[in-house]
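Notes follow the structure.
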Amino acid sequence: MNAEFFAALEQLEKEKGIPQSYMLEKIEATLLSAFKKEYGATAMMRIDMNTEKKKMKVFRQRTVVEEVLDPACEITLEEAKTISKRATLGGVVENEVKTENFRRLSAAAGKSIFIQAIREGEHQAAQEAYRNRKEEIMTATVSKINLPDGAILLEMDKGTNILTLSEQIPGEQFTVGQKLKVYVTEINKDVSEPVVNLSRIHPKMVWRLFELEVPEIQEGVVLVKGVSREAGSRSKISVISRDPDVDAVGACIGTHNMRIDNILSELDGEKIDIITYSDIPEEYIAAALAPATVNSVTMIDERSCVVKVNADQLSLAIGAKGQNVRLAARLTGYKIDIKAE
Numbered sequence: 012m013n014a015e016f017f018a019a020l021e022q023l024e025k026e027k028g029i030p031q032s033y034m035l036e037k038i039e040a041t042l043l044s045a046f047k048k049e050y051g052a053t054a055m056m057r058i059d060m061n062t063e064k065k066k067m068k069v070f071r072q073r074t075v076v077e078e079v080l081d082p083a084c085e086i087t088l089e090e091a092k093t094i095s096k097r098a099t100l101g102g103v104v105e106n107e108v109k110t111e112n113f114r115r116l117s118a119a120a121g122k123s124i125f126i127q128a129i130r131e132g133e134h135q136a137a138q139e140a141y142r143n144r145k146e147e148i149m150t151a152t153v154s155k156i157n158l159p160d161g162a163i164l165l166e167m168d169k170g171t172n173i174l175t176l177s178e179q180i181p182g183e184q185f186t187v188g189q190k191l192k193v194y195v196t197e198i199n200k201d202v203s204e205p206v207v208n209l210s211r212i213h214p215k216m217v218w219r220l221f222e223l224e225v226p227e228i229q230e231g232v233v234l235v236k237g238v239s240r241e242a243g244s245r246s247k248i249s250v251i252s253r254d255p256d257v258d259a260v261g262a263c264i265g266t267h268n269m270r271i272d273n274i275l276s277e278l279d280g281e282k283i284d285i286i287t288y289s290d291i292p293e294e295y296i297a298a299a300l301a302p303a304t305v306n307s308v309t310m311i312d313e314r315s316c317v318v319k320v321n322a323d324q325l326s327l328a329i330g331a332k333g334q335n336v337r338l339a340a341r342l343t344g345y346k347i348d349i350k351a352e
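Each residue of the sequence shown is one higher than the one before, counting from 12 in our numbering.
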């Protein structure tokens with residue numbers, strides 16, 4: 012194994028981000044597997060690795076004995092003398108093994124380990140690249156659509172990743188080359204799984220989009236207190252300002268609705284209610300039921316309440332198929348019973 016081999020490892024590190032030290036460890040395992048298939052399970056070997064001179068040699072080792080019981084790892088003194096004149100009983104002699112002389116079966120076994128090592132190395136390198144991106148928004152480019160099960164292939168900072176149909180906003184359509192934002196829900200350790208799990212329906216995605224669009228949230232002047240979401244249809248987000256001169260809801264909407272429009276465009280027109288958060292449960296629950304007007308909120312116990320509205324506000328407060336009250340309940344954490352006065 013010569014300079015060309017080490018040059019290939021350097022290329023792997025440059026293009027795939029796989030450290031040479033990692034690959035050299037895996038190469039030793041590859042050679043050991045092929046070696047044992049060639050000479051037997053008990054066979055011993057030594058690898059002489061010289062990264063500076065870009066050379067690597069493999070040596071077979073055998074113990075010198077009077078009577079050979081295991082030819083895989085033992086050798087007689089007479090035969091050992093042909094290898095090294097200094098050989099003595101109980102000592103170890105070694106001779107260089109040319110890996111290109113390994114039989115096809117042995118080489119194939121080693122090759123499969125080596126290929127697996129590259130896959131694992133790529134996966135680990137990608138993991139490291141995404142290590143600090145969990146629960147963050149990333150921009151991706153659609154590179155392939157109409158994959159099995161409705162998934163799409165996305166080109167990202169480090170290679171490609173899959174966005175499954177179950178994590179897409181219902182009804183949205185994609186085109187090759189389209190830029191879109193995705194939320195990183197998980198970074199996988201198992202090589203058999205994608206490097207990251209991506210989503211466009213996670214409630215936290217709405218939260219992160221507001222962080223990207225609203226400087227006051229980035230600066231900590233406006234705080235996001237909660238998000239509830241039914242992707243593709245409606246979301247509710249509650250915010251509060253730490254500065255009495257800054258209107259939290261107005262900051263999220265932006266001049267001429269610019270900020271909220273950018274978010275709605277990214278979410279394919281999904282409706283978003285921006286709610287002012289309050290530490291007073293009655294106020295918070297009433298606000299969360301927007302766009303309905305609430306007459307009163309009566310707390311029944313620590314986690315439930317009765318809300319009264321005018322008859323003409325009842326359907327608005329409940330929402331289509333109960334969506335409005337359902338989202339309000341998720342946002343506030345209270346069970347809400349709505350009654351018409």
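Yeah, the Cβ is synthetic: ideal placement off N, Cα and C, and Gly gets one too.
Under a Cβ-count criterion, where at least 16 other Cβ atoms within 10 Å of its own Cβ denotes burial, should residue i be classed as buried or exposed?
i	result
L116	Note that L116 scores a pLDDT of 49, beneath 50, so its modelled location is shaky; the value from the coordinates is reported in the next line. With fewer than 16 Cβ atoms within 10 Å of its Cβ, L116 is classed as exposed.
D59	exposed
R270	buried
V217	buried
D290	exposed
G280	exposed
I228	buried
H267	exposed
D284	buried
A322	exposed
L20	buried
A18	exposed
L158	exposed
G51	exposed
F16	exposed
G132	buried
I86	buried
E49	buried
D160	exposed
Less than 7 angstroms between the C-beta atoms of residue i and residue j, yes or no?
i	j	result
R240	S246	yes
Q324	A297	no
E224	I156	no
T196	S210	yes
Y141	V207	yes
A299	A339	yes
T175	A162	yes
A83	T53	yes
I349	A328	yes
K190	T152	yes
Y288	I251	yes
I198	K145	yes
V305	V320	yes
A136	I286	no
L88	L100	yes
Alpha carbon to alpha carbon, what distance is there between residue j and residue i?
i	j	result
L342	T186	34 angstroms
V75	F46	20 angstroms
A91	Q22	41 angstroms
I347	D312	11 angstroms
H213	S315	26 angstroms
D256	Y345	30 angstroms
K317	Q179	Before going on, a small fix: residue 317 reads as Val here, not Lys. Straight-line Cα distance between these residues: approximately 35 angstroms.
L164	E36	32 angstroms
V235	A259	9 angstroms
E294	S244	25 angstroms
F70	K192	53 angstroms
S154	E166	6 angstroms
K64	S32	15 angstroms
M55	N143	43 angstroms
G333	A301	13 angstroms
S326	G188	42 angstroms
E222	V238	13 angstroms
N106	I94	7 angstroms
E352	E204	55 angstroms
A40	K96	31 angstroms
E277	I126	40 angstroms
E139	I38	22 angstroms
E230	R253	11 angstroms
A307	G261	It is Ser, not Ala, that sits at residue 307 in the sequence shown. For S307 and G261, the distance between alpha carbons rounds to 25 angstroms.
P226	D272	15 angstroms
T150	R57	48 angstroms
How close, in whole Å, do the beta carbons of residue i and residue j come, if the pair is a contact with beta carbons under 8 angstroms?
i	j	result
S103	Q72	The residue asked about is misnamed: residue 103 is Val in this sequence, not Ser. Confirmed, Cβ separation roughly 5 angstroms.
I148	L220	7 angstroms
M34	A128	7 angstroms
Y194	K169	17 angstroms between Cβ atoms; not a contact.
I want to check one thing, is the minimum distance from the CB of residue i to the heavy atoms of the ligand SAM below 6 angstroms?
i	result
P82	This structure lacks the ligand SAM, and indeed carries no ligand of any kind.
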